[in-house]
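Going by this note's numbering, the sequence shown opens with residue 814, and the numbers climb by one from there.
Here is the structure we will look at, set down as structure tokens.
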Amino acid sequence: MGGVSDYHLNKLNVVRKWIIKIIFNKQITYPTDLLFKDSQLLDPRQLFCVKTLVYIRQSIIPTQTIGHEYPTRRKENDALMIPKCNKLIGQRCCTYIGPKLYNILPENIKKFNLMAFKREIKKWIKRAGSDYISTLIN
């Protein structure tokens, strides 16, 4: 998830799950998957995806235009260019992950205004599940 190592992310996740279980009066042994489903909260990786996609929508898309009128695949699909990264650490950056996630989004979500875009992104990410999102980010 971005530049955060798994070690730090694990510690953050343990504390977050513990606090959510206290808030919702659940036992410590209550399953985490059910906890997030019941509480309608996003886990840190899903939250990272939402923030990254909103950032891409607000800052990158208005500046990335095609300077010609030819019907290329990129222009027809409105696909964003994914920057070339030679190292693994560069592939953890939101400027690399963001266009990659945006290109995977369904076309109908891309056409909404910003407020509706945020709402639909959260729904899409919840439906996709945390396992799918983790494979996209890592």
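A virtual CB, placed ideally from N, CA and C, is assigned to each residue, including glycine.
Which residues mark the beginning and the end of the alpha helix (DSSP H) in which residue i is found?
i: LEU855; result: That residue, LEU855, is in no alpha helix (DSSP H); it is neither H nor E in DSSP.
i: GLY911; result: 907–917
i: ASN830; result: A small correction: the amino acid at residue 830 is Lys; Asn does not occupy that position in the sequence shown. That run of the alpha helix (DSSP H) goes 819–836.
i: ALA941; result: 927–941
i: LYS923; result: 920–923
Closest by CA to residue i, which one among the options?
i: LEU893; options: ARG905, ASN899, ILE902 and LEU918; result: LEU918
i: LEU927; options: SER872, GLY903, CYS898 and SER943; result: SER872
Less than 8 angstroms between the CB atoms is what I'm expecting for residue i and residue j, so what's the real figure, rounded?
i: ILE938; j: LEU855; result: 7 angstroms
i: GLY911; j: TYR868; result: 6 angstroms
i: LYS830; j: LEU848; result: 7 angstroms
i: LEU822; j: PRO844; result: Incorrect: roughly 20 angstroms between the Cβ atoms, too far for contact.
Would you check if the distance between the CB atom of residue i and the CB atom of residue j is smaller than 8 angstroms?
i: SER852; j: ILE833; result: yes
i: VAL863; j: ILE934; result: yes
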